[in-house]
Structure formats: C-alpha cells, structure tokens
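For reference, the structure discussed in these notes is given below.
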Amino acid sequence: MDVKSVRGLVGNKLSFESVSADNGLKRAANMTADEIISQVIASGLRGRGGAGFPTAKKWEFARSEKGDSKYIVCNADEGEPGTFKDRLILTDFPDLVFAGMAIAGKAVGAEHGILYLRAEYAWLRDHLEKVLEWRRSAKLLGKGLFNNKYFNFDIQIRMGSGAYICGEETALLESLEGRRGDARNRIPFPVQAGFLGKPTVVNNVETLAWVPCIIEKGPSWFSAMGTKKSPGAWLFSVSGDCKRPGIYEYPFGTSLHQLLEDVGGEDAKAVQVGGASGLCVPPTGFSRTLSAGDLATGGSIIIYGPEQDMFDVAENFQHFFADESCGQCVPCRIGNVRLLDAIRKMRKAGLDAETERTLRQLTSTMRTASKCGLGQSSTKAFLSILDNFKNELPPVVGEAKATAAAE
Amino acid sequence: MDTKVETIVVVIDGKELNVSPGTTVLEAATAAGIHIPTLCHHDDLCAEALYSQTDANADRKTAAEKYTASGMLPTPSSCRLCLVEVEGLRTLQASCSLPIINPMKIHTSSTKIRHARRDILELMMSEHYGDCFACTRNGTCELQKLCSEYGVNTERFGRPEQAPFEMADPANIIQRDMNKCILCRRCVRMCALYQGVSALTTEGRGDHSRISTFMGREMKDAWCINCGQCINRCPTGALTERDDTEAVWRAIEDPEKFVVIQTAPAPRAAIGEAFGCEPGTPMTFQMNTALRRIGFDKVFDTNFSADLTIFEEGAELIGRLYHALVLKDNAAALPQFTSCSPGWIKFIEHFYPDFLPHLSTAKSPQQMMGAVLKTYFAEKNGWDPAKIVSVSLMPCTAKKFEAGRHEMHSSGFQDVDYALTTREMARMFKQAGIDLPKLEKSNFDDPFGTPTGSGVIFGATGGVMEAALRTVIEVVTGEPVENLFGHADIQPVRGFDGVRMAEVTIPKVGPVPAVFSRLVPNFDWLKGATLKVGLAHGTANAIRVLEDIKQKGPLSTCHFIEFMACPGGCLGGGGQPIPTSPEIRAARAKAIYAEDAAYQVRKSHENKDVLRIYEEFFREGPCSRKSHDLLHTHYTARNATVLDKKPA
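Residue numbers (the numbering used here), protein chains in the order written: chain Y, 1 to 407; chain C, 1001 to 1648.
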C-alpha cells in the first residue's frame, strides 16, 4: 500500500483485523431495513464523533422522514486535536467504512453517500478513490449491489478546506453545499433537513466501520466487549508524554489507570480525554473509566507528564478555540478570545477571586448560550485545569505585595 | 390547503398559547406581548417575510422549509440575545430560530437568562470601539438600547483601547466602520436575500471573522449598488452613508451661492419618524418651512421632474412601441425598463448589461430637476448657474452615486451637487434646533412647486407605473382615465408583492396630442391593444424578472416594467429613517397614497409647470433633441470591471 499507513502505531489487537467488510454488507443486502436497524439497536452502538448519540436512533429518524433522496455522510474531518484513529481506518480499513455507509443507506433508504475528507488528508484521496473504483467493479457499490436491482448506493468524496468547525455536522453540511462552514440552527436536525435540505445521516468514520462488523458477527459480539451501559469497544488515539503512543482499541469501561499502564504513561500529571473540547483529568481521577456514563470521549487521549505547565496547556487549547470558532455566535467568537486574554494574564499575574468569579460566569454563559457544540464545550479544558491545577498559577500580583508588606 | 388548522399548545412564562406549527418561540412570545431582545433577527429577515416577498400566497410552512432547510439561513441566531429556557433542554435556546413543533414550556426571564444576556452584551462591548455621543446612531442604536436595559455599566471583559480597524475611504457612499460591527450579518443577509447582490460577505473564522467585500475592496470598488438597505438593517453605527451635511451647511453660509433644494416624495412620508411621529405622518409642508428656515433659497418639489419623467419616459415608450410593433424595428427593445432608481441602474449595469438597451434613457427625476435648474431656471431668473448649489433630499443613498456620475453634467456643471438622505436632513434640522412637527406649513416655490399626486406616488412601488398609465391612457384614448379606473386609482399595480403583472386594454384611441405629434402619426395601431406591465421591487425580484424574460416567460410579453431597487420602492429606501419593517413601510405607503388622493392635480400631463416648460424651453416636445441633451442619459456595462478593476 502506497499510502502513509499508521499501522506501525497500532498498540494492541484491533477487532477490525478479524472481520471482512463485505460479509457484513452481503448479509445486510438480504436483510430488511428494520432488521438492520434492530441489529444496530441491539448492539448499543453510539456515535464515535464525541457526542455519543445512539447510531440506530439517528438512522430511524432519517428513515421515518419522507423524501425521494436521502444522504449518508461520512464525517472524515478528523480534526479534534490528538486524534488520528480515523486516519488508520481510512488507510487500512476503508472497505469497512464504505460497507458501513452502504448498510446505513439500506437502513435509511438513501442511495447517495458522501465522504467528507479533511483537507489535511487530501493525500488519501487517490487511495480512497481507487478503493471506491474497485468496489464499483465488484458490484459492492453503484447500481444493483450484489446484482440486487433494489439495492443502489454510491459514494463520492468531497474535500474539506481545513476548518475545525467543519467537523461539526451542520457546519460540515454548509461546507458540503459550498458555503463557509457555519453551524446551522438545530431544528430542523440534519436527519430531517440536511444536505441540500434532504434527510441526512452524518456518522463518524469509526461508527460506520463498526457497522459491518456488527452485522457480520452479531450485536452480542459487539455489546459483550463493553459494559452493560456502554457496550462495545473504541479506538483511542494516544499521544503525549508516554512511552508507547499510538492507536489502541479498548472496550468501554477501561480505566485510565489501565490505559496509562499499557502506554507507559504511569507518571502522568494529567490526561486530556476527548481532545481540546474534552476534560483534563488529574491523577485523582485516573480510576475513572472511558465510557458513555463517565469519561465520554471522541477517542483522543493526550498525556501530560510531570514537567508540563498545565496553564500552558490551557492557553494552547484556548488559542485553538479562539482561532477555530466559526465566528458566528457571540459567546463562542468573543468569549473564547476573552478567556484566552484572561489565561495569558493569569499566567503572569495570578488570578484574583473576583476575576475568577467573572470567568466562571463567562464559561457558564458560553456553555449554555453558544450555538453549537464547539462553544458549548470549549471551556471544558480550561475549567478542569483551573479546578485541579490552580496551584500552578503565580500569586496574584497585588496580593503578593500585600503579603510581603505585612511580613 | 386544508382548512382545518392544527395548533400546538405552548406555555410561555405561564401563559398558555395556541400557535400554528412552525411558529418560532420569538414570534409566539411577541404575539403574547412578551418582549425578547434580539440583535441579529430582523422582522424583514425572518423566513416568512422573506418568502412573502416572492410569493404572498405561500403558507408559512413552505416558507420555513424553503429557507430553513438549506441555503442562506433566515436567522443565523448568532447574537444569542433572544435566549430562552425550554423545560427539558439542557442549554438555553435561541428563540428566533426555534420553531414550535411540539408542545413546550418556555421561560423567557430568569437569572440565568439575564446573566447570559448581560455577558453577551458585555462581550460585544469588549470589541466595540467608538463613543456613543459621536455616533450617528446615538439614540437609534439597538446595542446601546440593550446595554442600557441590561445595566451594562462595567467593563468586565475590557474595552479596546485603540481602534482595531482603520476607517474606510471617506469617498465610499456606503461607509463601514468595523469598530462598531457586532457581526450580526443582517447586512449580509439583506444584500443577498432582498437585493441579490451579495456585495457583503463574512470572511475569516474565529476572532478573524469580518464582514467584508470581495477581496476586501472598498465599498466604492465592490459590486455594491449603493442601495443602502444594509444601513437600514444595521443595529449599530457600523454602516452609515457618506455624510454630506457639512458641505451643504458651508454652501448655505456662502453668500455667493444660491442654494436650492428639491425634495422627493418618500422623505416627506418618513422624516417625521425621526422626530417621534408615528410612521406614515406626512411632513411635506412643515418641511418646506424648515428648509427655508435653515437657509435654502428655493424649495422645489421633485414631483415636477417626476411628472417631467413621465412625459419623457411615456413618450419614449410610445415611440418604442411604434417602432417595435408597427415599423418592426428590432433596435427598439421591449419591454422598456424604468430608470428612476439609481440602485437598480447600477445593478443592471453590473449584473445584466445585456439588458441595458431595455432601459429608458430618461434620467431620474432628481437628475432632470438638476439639469433644468442650472439651465431653464437659471436663464429664467438671471442666476449664474455656476453659483447655484443644487441639493436634493432623497430617501436614497444611491442618489449620491447618481449625482456624482460623469454622465450627469449636461447643464455644463454637476447637475446635482449634493444628494442628502432623509436621515441627514433630519440631523440638519435638529442641528438647527427645529422641531419639525411643530412648524407651520408652507408651499413649494414656483416654478416647480405644484404638488401632484402622480409625482408623489413615485415614492411607492408601482407608483411610477401608475403615474405613467394615468398619462399614457389619457393621451392615447383621449378620455379620462377614470373611465377605466375609478378615481384614477390603478389598483392592479399597487401593493407589496415582489413581482406583479397587470394588463390594460385600450378600448379606443383619440387623436395624437400636439406635444407628441413628432413621435407617431396616429394611435390607430393601439386600438384594442392590451398593454402589459410588470413591477418588481428589491433587486432580488429584479433578478426573477430578468431571468423570466431570458427564459421567454410571461414577463417577456410585457411592454413596460417598473423596477425599484429597494423593498417597497423609495419609501423603503436606504436613506430613510431607521428602523424599518414591513409595517412601517406599509404606513409610509398609506401616507403617500393619501396625499395623492388629496391633491387637485393627479396626472403628470396636467401639471402646469411641466406644460409650461414644454412651451417655454423644450419646445419640440418630449424626446426631442434638446430634451435628449438635458433629460436623457446613457448607461455603462460594469460587469467586466468587477474582476479586472484594480482597487484604487
């Protein structure tokens, strides 16, 4: 394979290696939409983009919409800082993704699939186009899959342009339609009116890759991997201060302790779970588990060693959000900039109680008033760092003087 | 449509309401008398208003689907001030864009909401540079009003110490001060959705987001048509028109100069709003007194040149029809398009230059008056035209561009020196300590002082067409128009539908009046003919008309089409008082038609001032050589310059 595979970074055994994409697709071709959806419901599969919405539910919504054309969009705008597992799936297991899209299409009643590929993965496009071409010639894609004239599904690849916000599904749809990637209002939802106003399912690369596996091996094979509340397994992109960074598959319910041990990051000072918009967990939280009920995640794990300045981390993330907000709504566009100003200031001159109150009020407004998930979650990292590592800030300038004077 | 209307029960602040599905929470609350603050939402930019512009009969569900499903969002819900709490939902919801499709319980006021709104206002202020007292929107600024209501009296998130943005070129007619922009995007949506121009756009993301033009050009170098609709929707002082008041004050105070002013019909129906009057309170004659008091030497009525326009444009139409239908001359392009609206002119020059031969060559009333003032009037009164400063009061920002066009120097001087907007004039009155509604009334000055109904209705969409039809029908049939339309009210061309069509059958023809005898030998060829006319307002509707003509659709069968760049026509012009809304424009229209009904002279060809100028000055009649020199113009295709022209 002439693509830059990251297979060398795979840290443990991946389930994807033990399945053949098209067994699942073949089975699905002989199933009704109801049967497919009930299998996916039984598996408990949730979206892997970060929000963790039950996949089958999304499909059901889209299926119940009337309309002559519907779309399955694969969100390959893997932009969350610290994630690279979708890249592995696209280089090494693209058939799983394409088969998953076709199965989703059958379940929803969609004949068109679109893979929205992030601009930074442009080099992958030729490889993916070749896979698509092969699948068309093998009757796994196009008109009449498996020579069944009622099963039509084709996929086209569309490129992103490098904006983080376009990983947000409604901004992605705006981008697909040729406009700037601004988040849309969320009623109607994409399943009601998405791409070109048609019912559209937007699923993450990994979500779709699990679908043929579930159909082939059965929902219980999948759900047996995780916990009762959080069934299944997940790919994690692990980076940062550890001996063995890479891509790891873990069943849900795995603790951070376990993960840190496996990757050689036992001395971590903190773990950022879920990328820039995720939580920064201190050692006291390392017994927490990666699962829907506890540490929800988009698959990104960043490990910070003892040498790291946590407010440098916070400033870095905040800078990212100030740049990457779509610029539409006020709490996110300006809020993130003001928060960045405040972090820079507190790193120099400490944080007094009144400013802290103001900032906490601001983060609460950003969380509840922002238009989309970006603004709603962009304060998470800062808040969890403030909660757990406040002692790393210098003393407040005025207070330090006052203390010195008193002494 | 099913007559049984399904409704949904919502509870807003404890009040139970039945609403039709798709109603937004904001609309439901407003109907219940609950005020929710907004900065990005505008009554003209909700899905229903947008859709009713194009199809008045569309139900709101189709409207909402069309604009919400895809494409440009009617409400981007970007300011996040209209937030409400919906029971069962984790985050606050923007009421402007939350359609009611299920029963819900909503709270519009709580500490959480109040704090969030205050935080948002303070965030806006943290990027807002400029002093309120020095801003033309002081008092009409929506941001200022909300900051006051929500007690934004601290600077928790700071204020810019220096202007983050440089001031734009003062030569721009549409002035943008990005230091005051809150990125609500009303201007962007207005420009795209009502005007079909998209001169303004959003560029950059995150804290680099800006309202910009193509390649960041100055407005004067962008494909802007200067209609000023963006200004009327801007909640702050980020968009204004070029301020020409200082130059006019200087001219007034210069003892060497004769400073004359013409006033268009639309400002008089609206300027009262700047003095606290209800929309639709006419100020025509109080304004004459005020203009004299601040020092204008003569106050003329643009109605004169509106009637003159009808003569020239009507004669041109009769000539074109004769050439096209009788002489089969392919060079006579039909339908003929009106040319009074300078925003429309620049629009067609930029975007549809192939249609330029359809434009009437007649100048707009402003420019006809300008040309006549520095020739006929100057001669008649023995004034040196070089010393005349010709000012116009217009509802329009594009008139500033029109006055400055190089084609508009037919008197040997710039025909109109300064075109002031209604807003600028209101400011001048205030600077002079004039409380307009309290002034006594006075008349216009002769020889351009006869108030005519045909002139005054130029201010409303359909007005030019109605005035033209009143004259054309009487001229051709030789009988009163009242025989066809009661009270000479030509109702089929009135109203606010974005695109309208009407037909008039000419039952009989009379002899050709002397003034038109140069143009056609007789009217026999018009006997029994059906004159088809079309109307469009808002240049997005102009696009619909032009595309329909290209496709050889029904509008291609029209003989004469009126185009107005601004929604509602001149009464909704970009120079009119702020705020504007469909209701405000309807009230102004009512005032205009009431004036028309009240005047003795309601037909252009009965305006004695116009008849006199044809006796004394344009002796060969309309569309003659002399009238061509002074009252007609030509147009320039601008499409090629959009991409090639290097920014100045």
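Think of the CB as a built atom: it goes at the ideal place given N, C-alpha and C, for glycine as much as any other residue.
Check: Taking all protein chains shown into account, decide if ASN1102(C) is buried (16 or more other Cβ within 10 angstroms of its Cβ) or exposed.; Outcome: exposed
Check: Report yes or no: do the segment 1181-1197 of chain C and the segment 1206-1221 of chain C share at least 3 C-beta pairs separated by less than 8 Å?; Outcome: yes
Check: So is PRO1335(C) buried or exposed if we call it buried at 16+ other beta carbons inside 10 Å?; Outcome: buried
Check: Quick check: what's the CA-CA separation for LEU1317(C) versus PHE1560(C)?; Outcome: 8 Å
Check: Taking the beta strand (DSSP E) that GLU1085(C) belongs to, which residues open and close that run?; Outcome: 1083-1086
Check: Quick one: list the residues of chain Y neighbouring GLU1127(C), beta-carbon separation under 7 Å, in chain order.; Outcome: ILE334
Check: Please list, in chain order, all residues of the same chain as ARG288(Y) whose beta carbon is under 8 Å from its beta carbon, the five residues on each side excluded.; Outcome: SER255, LEU256, VAL281, ASP294, LEU295
Check: So, for PHE1681(C): in the same chain, excluding its five sequence neighbours on each side, which residues have a beta-carbon less than 8 Å away from its beta-carbon?; Outcome: This structure does not reach residue 1681(C), given that chain C is present from 1001 up to 1648, and the question cannot be answered.
Check: Looking at the strands, I want to know which residues DSSP matches up with TYR250(Y).; Outcome: TRP234(Y)
Check: Rounded to the nearest angstrom, how far is the Cβ of LEU1630(C) from that of ALA1371(C), given a contact under 8 Å?; Outcome: 4 Å
Check: Buried or exposed for MET1287(C), please, with buried defined as at least 16 other CB atoms from any protein chain shown within 10 angstroms of its CB.; Outcome: buried
Check: What number of angstroms, rounded off, separates the C-alpha of ARG1625(C) from the C-alpha of THR1338(C)?; Outcome: 20 Å
Check: Using beta carbons (cut-off 8 Å, strictly below), is SER137(Y) in contact with chain C?; Outcome: no
Check: Return the residue from the list THR55(Y), GLY49(Y), PHE53(Y) that minimises the CA-CA distance to GLU80(Y).; Outcome: GLY49(Y)
Check: Closer than 7 Å by beta-carbon distance: list the chain C residues that pair up with ARG180(Y), in chain order.; Outcome: THR1202
Check: Using alpha carbons as the reference points, say which of PHE195(Y), GLU324(Y), MET225(Y) lies closest to LEU14(Y).; Outcome: MET225(Y)
Check: Using a beta-carbon distance below 8 Å, is GLY327(Y) in contact with chain C?; Outcome: yes
Check: Can you confirm whether the segment 1221-1230 of chain C touches the segment 1075-1084 of chain C when touching is taken to mean that 3 or more C-beta pairs between the two stretches lie within less than 8 Å?; Outcome: no
Check: So which residues of chain C does PRO54(Y) contact, with C-beta pairs closer than 7 Å?; Outcome: Correct list: empty, because the minimum Cβ distance to chain C is about 17 Å.
Check: For LYS1298(C), which residues does DSSP report across the bridge?; Outcome: VAL1260(C)
Check: The segment 1153-1183 of chain C: which residues have C-beta closer than 9 Å to a C-beta of chain Y, in chain order?; Outcome: ARG1156, PHE1157, GLY1158, ILE1182, LEU1183
Check: Measure how close the beta-carbons of PHE1688(C) and ALA1315(C) come, nearest whole angstrom, since I'm counting them as under 8 Å.; Outcome: What the structure shows of chain C is the stretch from 1001 to 1648, and residue 1688(C) is not part of that stretch, so it cannot be assessed.
Check: According to DSSP, is PRO1335(C) part of a helix, a strand, or is it coil?; Outcome: coil
Check: Is DSSP giving LEU96(Y) helix, strand or coil here?; Outcome: helix
Check: Using 10 angstroms around the beta-carbon of VAL1326(C), count the other beta-carbons present and answer buried if the total reaches 16, otherwise exposed.; Outcome: exposed
Check: In angstroms with no decimal places, state the Cα-to-Cα distance between PRO188(Y) and ALA42(Y).; Outcome: 27 Å
Check: Could you check what DSSP says for PRO54(Y) in three-state terms: helix, strand or coil?; Outcome: strand
Check: In whole angstroms, what is the alpha-carbon distance linking GLY100(Y) and MET159(Y)?; Outcome: 20 Å
Check: Since LYS371(Y) and ALA171(Y) should fall inside the 8 Å C-beta cutoff, what is the C-beta to C-beta distance between them, to a whole number of angstroms?; Outcome: Not really, about 10 Å apart at Cβ, beyond 8 Å.
Check: Note down the Cα distance separating LEU1321(C) from ALA1332(C), rounded to an integer number of angstroms.; Outcome: 8 Å
Check: Residues of chain Y with CB closer than 7 Å to the CB of ALA1116(C), please, in chain order.; Outcome: THR365, THR368, ALA369
Check: Out of VAL19(Y), LEU9(Y), ALA51(Y), state which residue places its alpha-carbon closest to the alpha-carbon of SER291(Y).; Outcome: ALA51(Y)
Check: Is the segment 69-78 of chain Y close to the segment 198-205 of chain Y, with three or more CB pairs under 8 Å?; Outcome: yes
Check: Can you name the residues of chain C whose CB is closer than 8 Å to the CB of PRO81(Y)?; Outcome: Ordered by position in chain C, no residue passes the 8 Å Cβ test against PRO81(Y), which lies about 15 Å from the chain.
Check: Looking at the C-beta of GLY1412(C), does it have a partner C-beta in chain Y at a distance below 8 Å?; Outcome: no
Check: Should ASN148(Y) go down as buried or exposed, given a rule of 16 or more other Cβ atoms within 10 Å for buried?; Outcome: exposed
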